[in-house]
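Protein chains in written order, with this note's numbering: chain A, 93 to 487; chain B, 3 to 662. Just so you know, even glycine gets a beta-carbon here, dropped at the ideal spot from N, CA and C. Everything numeric in this text was worked out from a predicted model, so none of it was measured. Here is the structure we will look at.
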Amino acid sequence: MAKKKTKKSTAKKKSASKSPKTVTKKRSKRGSNGVKTTAKLEGLAESVVENAFGRREPAIDIPIRALSNVSFNPKTRYIEMGDRCQQRALFNYGQAKRFMQTLLVASKCKELVDADKTASIRQIYYLAKHTIKGTKEKTFDSQDESDPVIEDLEVALEALREELHVFAGSKGALIGELTFVDSGDTIDATKLGSGGYAIPSIVEPNVIQFKKCKAKYVLHVEKDTVWRRFVEDRFWEKHRCILTHGGGQPSRGVRRMLYRLHDELKLPVVCLLDNDPWGYYIYSVIKQGSINLAFESSRMAVPNARFIGVSSFDYDRFDLTDDVKIELDGNDIKRAKQILNYPWFAGKKAWEKEIKRMVKNGFKMEVEALCSKNLTFVTEEYTPQRLKQPKSWLD
Amino acid sequence: MEDQRAGGACLDSDITAQTDIQLQPQTSISSSVETLTRIKAGKVSKKKSRTSRASAETMAKQQREISISEFFARNRHLLGFDNKRKALLTSVKEAVDNALDACEEGGVFPEIYLEIKQLAEDRFRMICRDNGPGIVKAQIPNIFGKLLYGSKFHRLKMSRGQQGIGISAAGMYGLITTGKPVSIISRTGKGKPAHHYKLAIDTKKNKPDIIADKTVDVPWDRGTEIEIEMVASYNKGRQSVAEYIELTAIANPHTTIVFKGPDKKVVEYLRNVDELPEQTEEIKPHPHGVELGILMKMVKETSAKQLGAFLSGEFSRVSPKIAKEVCAKSGLTQRTWLQSVGPSDIEKIYNVLQETKLRAPSTNCLAPIGAEAILNGLLKGIKAEFYTASTRPPAVYRGNPFQIEVGMAFGGQLGSLDNNGNGDEKSKQPPTARVIRFANRVPLLYQQSGCCTFKSVVDTKWNNYGLSQSRSSLPQAPFVVLIHMASVWVPFTSESKEAIADYDEIRKEIKLGLSECGRRLGTYIRRKKKRSHFAQRRDVFHRYIHEIVESCRAMTVCNKDDLRNALSDLAARATEAADMEFDDHGKIIAKRKGSDSEMDNTIVLGESEQAPPGQMELFAGDDESVTERKVRAKKSKKKSKKSKGAKNAKPTGKKKKKRK
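What follows is the structure, encoded as structure tokens:
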């Protein structure tokens with residue numbers, strides 16, 4: 093339904109519009125240096141103008157970002173976005189405001205690109221927020237409204253967030269045997285004290301270039317606190333690795349960084365996450381990409397990543413005590429079953445066993461629970477031991 | 003007088019049931035009065051005997067006959083003269099009802115002029131003039147100066163009055179309270195003299211007392227004018243003379259009524275129906291509707307000599323064959339002489355009759371107002387935007403045929419006026435719906451909550467029809483519902499004839515009528531909501547168009563105004579439904595998709611057609627003549643409009659579809 097409209101408007105090109113229409117449907121293989129972002133933004137506005145003058149109701153096609161429109165590609169081993177689009181029409185009572193917001197955010201991005209400035213998603217929210225003329229209504233009531241609009245725009249225009257000159261807050265950190273250049277400054281990641289290097293939202297090659305790498309692999313842990321344990325025990329030094337964390341669900345910056353470390357420096361990525369459904373899903377996002385941002389899987393997913401722990405079997409394996417247990421609640425079990433049904437988990441016997449075991453155990457475990465043995469158990473015994481048993485890693 | 007209206011009456015059961023009233027003028031009274039007097043006197047003497055022991059002889063001295071007039075003079079509440087306020091209303095009612103009946107029987111469109119003049123704090127003069135056939139000179143004193151004198155006694159015929167007590171009672175009330183006689187002028191046609199009588203009632207003898215009798219010149223050709231002076235009080239609002247007139251006009255759209263109140267304001271209700279109500283036929287009682295006492299009375303009164311002839315001759319739906327069966331079942335024959343039929347036999351016959359299956363009575367004795375006329379009546383009396391009406395087919399309760407009619411008016415100025423038609427813009431809450439009730443075209447003003455019609459309205463689930471309603475109460479909406487019951491015998495709950503009794507059959511018919519109209523109302527309200535819904539959408543679209551134009555301009559080269567216009571056009575197209583009330587010239591009402599008027603017996607007025615809200619104020623002027631003129635001008639304009647509406651409201655169901 094959505095396609096024909098765009099085609100029509102492309103065909104009926106106005107002489108006034110200089111740049112070609114780009115709100116098209118050729119879902120290109122992420123040709124990052126394809127058409128320029130400004131042209132894409134202009135094309136969006138032009139399609140609206142052309143439709144209006146052509147007596148057609150303006151609408152934007154936005155690929156659906158939901159489980160129903162993603163598929164797992166067994167060849168590439170990451171989640172890909174389908175072709176299904178949702179039309180966002182101005183003259184649809186339920187979509188009118190969203191439509192307006194989308195165009196508003198687009199115009200703000202255009203300003204940013206033209207001025208060669210970047211803004212955080214929160215700054216975009218404030219840039220675009222104002223009272224609509226003649227009413228008491230605000231264009232945006234909260235950032236919760238503008239954030240999805242930015243993502244919509246990314247998919248609709250096939251432009252990355254950084255291409256739209258928008259960034260999110262830094263989340264996650266890095267430390268270890270790596271030297272790189274960030275915006276012209278050379279950073280030796282072995283000399284970053286206890287705080288490490290905060291991974292920015294944008295880690296594209298034009299911002300960060302890798303120089304020297306002595307690390308043999310990347311160890312990604314779930315949270316800041318665990319990461320600090322490893323830093324304090326100088327785990328990266330002893331084991332010649334790079335330590336990263338994502339502050340829970342890793343942001344795009346962290347995932348892109350992992351991808352680049354894996355892709356450019358050929359470093360294996362291993363993950364140490366909590367033994368609960370949320371930990372499993374963090375791993376899934378790192379490995380296969382997320383449903384919401386499936387269009388960026390190809391440049392973020394690390395299909396070769398491995399899950400080293402904490403496994404449901406570690407309770408027996410490491411002879412842990414009852415003190416580590418957190419009882420599963422209804423939500424956990426529901427989510428576990430959901431995960432088990434994702435196509436990219438289906439068919440993986442080990443994962444099936446793992447998740448079923450957790451449900452059978454009736455409890456979950458945090459990485460930090462391992463400290464119940466002693467404080468450095470996780471860095472000195474657990475992790476080294478797990479690293480030596482690649483066969484028991486989960487794929 | 004309350005009890006004059008329709009159907010049976012207290013008086014019927016009190017007096018006529020036990021006595022034999024014949025319809026000959028003079029003799030009938032004496033016999034009925036005699037009986038009544040006996041009862042009355044008996045009571046009085048009993049009381050006396052308690053206080054002072056007396057012999058039969060001394061008692062006999064006190065036993066005397068009192069006249070029916072005297073009885074009612076003392077018991078005037080029975081006739082609806084309980085208080086000053088009600089006395090005025092009752093007098094007006096009697097005068098207007100008589101006038102309407104006279105005109106209809108004479109086959110002319112009634113034109114009634116009613117004036118209430120205030121003479122002193124609590125003294126009023128009522129003047130009522132009609133254009134009826136007039137009254138011959140010799141009958142004037144009897145009709146207005148004698149109680150229980152008339153042509154409508156106790157018959158099974160659908161008519162307003164029944165006994166002929168009303169107008170003379172009003173005159174009597176005036177005489178008692180002010181000492182002034184009743185003044186009557188009547189003329190039977192052009193070129194004939196107009197007779198002017200002044201009459202007082204001799205209450206002792208129930209006889210007219212002629213005070214003056216002369217011939218006068220009057221500016222009108224035909225009709226009767228009555229003038230009664232009385233102690234009364236005039237009020238506005240509910241249960242007032244004004245409301246009575248308004249409702250009468252609604253139920254009698256074939257009538258022109260001009261009403262001038264004590265405040266000198268003139269309200270005119272113009273005729274907007276070109277047909278007189280059909281004259282109804284008198285029917286014989288249906289056996290299922292009579293009671294044992296009545297049956298006994300009928301046996302006594304009949305001219306038939308034999309039982310079979312009596313049964314088949316005096317009742318409807320009793321054929322000779324059925325009569326034969328009934329006789330056989332009660333152990334008698336058709337040939338049995340009525341004289342030999344004893345009370346126990348009558349009871350047997352009565353029981354057999356009740357068990358026998360009989361056809362329902364014929365219904366040609368009913369003359370409903372008609373859905374179309376109700377619409378016109380509502381259009382005349384109530385300022386709303388939506389009108390609908392329906393007439394149910396005739397039905398039967400206890401052997402009496404009846405017919406229910408329902409009308410509804412919704413929205414428009416009803417929303418900004420309170421129930422009495424007074425502007426009350428301040429109250430934000432929607433007004434409570436109003437129920438207007440009629441029995442045989444006569445408005446019922448009292449005892450609303452005890453009335454079958456009111457209960458039916460309350461029991462209806464109005465939420466289904468788009469009105470808000472809390473449990474067991476009237477809906478909260480600018481809404482008027484009219485219910486009319488036409489019957490040869492309207493069952494009232496009490497002697498005062500103010501509420502219709504709650505018979506299942508009647509309730510069922512009312513419910514059906516209400517839901518039929520309710521469905522149309524619901525459809526209208528839903529469509530209206532949809533229209534406003536689309537208008538709301540358009541507002542939203544327009545609100546965002548500005549933002550979109552600005553955003554597009556920031557991203558690409560375009561003409562802002564052109565884009566805005568183009569988008570506005572599209573917005574208008576996308577919300578076409580909101581435009582259904584506008585035609586190409588932007589004039590309100592015209593093309594309406596899924597037209598409201600496709601519904602039967604329904605009228606929808608566009609905003610421009612509804613009377614301007616300032617209309618009420620027109621009556622408020624101080625200068626009488628100016629006000630009157632203005633009103634007339636206004637009215638005549640309205641008349642043309644209304645007549646158009648009336649034309650369109652013809653039963654084909656096609657209404658104001660096209661209007662240029």
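Terminal residues of the continuous beta strand (DSSP E) containing residue i?
i                 : result
Pro445 of chain B : Val444 to Leu446
Met410 of chain B : Asn402 to Phe412
Ser392 of chain B : Phe388 to Thr393
Val301 of chain B : Element bounds for Val301 of chain B: not the beta strand (DSSP E) but the alpha helix (DSSP H), Leu294 to Glu303.
Gln301 of chain A : Ile300 to Cys305
His312 of chain A : Tyr309 to Val313
Arg398 of chain A : Arg398 to Gly401
Given a threshold of 16 other Cβ atoms within 10 Å of its Cβ, counted over all protein chains shown, does residue i qualify as buried or as exposed?
i                 : result
Gly287 of chain A : exposed
Gln193 of chain A : buried
Lys562 of chain B : exposed
Arg478 of chain A : buried
Arg361 of chain B : exposed
Gly333 of chain B : exposed
Pro345 of chain B : exposed
Glu329 of chain A : exposed
Glu255 of chain A : buried
Trp443 of chain A : buried
Asn125 of chain A : Confidence in Asn125 of chain A is poor, its pLDDT being 37 and thus under 50, which makes the residue's placement too unreliable to answer from.
Thr475 of chain A : buried
Asp208 of chain A : exposed
Trp339 of chain B : exposed
His222 of chain A : exposed
Met487 of chain B : buried
Can you give me the start and stop residues for the alpha helix (DSSP H) that residue i sits inside?
i                 : result
Asp541 of chain B : Asp506 to Met557
Thr231 of chain A : Neither: Thr231 of chain A is in no alpha helix (DSSP H) and is coded neither H nor E.
Ala373 of chain B : Ala373 to Gly383
Gln193 of chain A : Ala188 to Ala207
Pro345 of chain B : Pro345 to Glu357
Thr129 of chain A : Thr129 to Phe145
Pro369 of chain A : Pro369 to Gln380
Ala58 of chain B  : Ala58 to Gln64
Ala75 of chain B  : Ile70 to Arg76
What are the partner residues of residue i, as DSSP defines its beta bridges?
i                 : result
Val269 of chain B : B:Phe261
Met160 of chain B : Answer is none; Met160 of chain B lacks a bridge partner.
Asn165 of chain A : A:Tyr170
Phe126 of chain B : B:Gln120 and B:Met232
Glu113 of chain B : B:Thr258
Leu484 of chain B : B:Gly409 and B:Ile438
Lys206 of chain B : None; Lys206 of chain B has no bridge partner.
Between residue i and residue j, how many whole angstroms is the CB-CB distance? I'm expecting something under 8 Å.
i                 : j                 : result
Ala373 of chain B : Ala391 of chain B : 4 Å
Ile502 of chain B : Val490 of chain B : The Cβ separation is near 14 Å, so there is no contact.
Pro166 of chain A : Phe387 of chain A : Going by Cβ atoms, the distance from Pro166 of chain A to Phe387 of chain A rounds to 19 Å, so no, they are not a contact pair.
Leu116 of chain B : Val138 of chain B : No, Leu116 of chain B and Val138 of chain B are not in contact; Cβ-Cβ is about 24 Å, not under 8 Å.
Thr92 of chain B  : Gly136 of chain B : About 24 Å; that fails the 8 Å criterion.
Arg449 of chain A : Ser376 of chain A : Rounded, the Cβ-Cβ distance is 17 Å, inconsistent with contact.
**Request:** Scan the region 225-256 of chain A for residues whose Cβ lies nearer than 8 Å to a Cβ of chain B and list them as they occur along the chain.
**Result:** Within the region 225-256 of chain A, the residues whose Cβ lies closer than 8 Å to any Cβ of chain B are, in chain order, Lys225, Gly226, Thr227, Glu229 and Thr231.
**Contact residues within the region 269-303 of chain B, judged by C-beta distance below 8 Å to chain A** = Among the residues of the region 269-303 of chain B, none has a Cβ less than 8 Å away from any Cβ of chain A.
**Prompt:** What are the residues of the region 453-469 of chain A that lie near chain B, defined by any Cβ-Cβ distance shorter than 9 Å?
**Reply:** Cβ contacts with chain B: none found.
**Prompt:** Just by C-beta distance, which residues in the region 534-559 of chain B are closer than 7 Å to chain C?
**Reply:** The chain inventory of the structure shown lacks chain C, comprising the protein chains A and B.
**Prompt:** Using Cβ-Cβ distances below 8 Å, what residues of the region 186-199 of chain A are close to chain B?
**Reply:** Those would be Ala188, Lys189, Phe191, Met192, Leu195, Leu196, Ala198 and Ser199, in chain order.
**Request:** For the region 565-577 of chain B, enumerate the residues whose C-beta is nearer than 7 Å to any C-beta of chain A, in chain order.
**Result:** From the region 565-577 of chain B, only Leu565, Ala568, Leu569, Leu572, Ala573 and Ala576 have a Cβ closer than 7 Å to chain A.
**Message:** By the 8 Å beta-carbon criterion, what residues does the region 163-181 of chain A contribute toward chain B?
**Reply:** Cβ contacts with chain B: none found.
**Request:** With 7 Å as the limit, tell me which residues of the region 325-343 of chain A have their beta carbon closer than that to any beta carbon of chain B; keep them in chain order.
**Result:** Result list empty, no residue passes.
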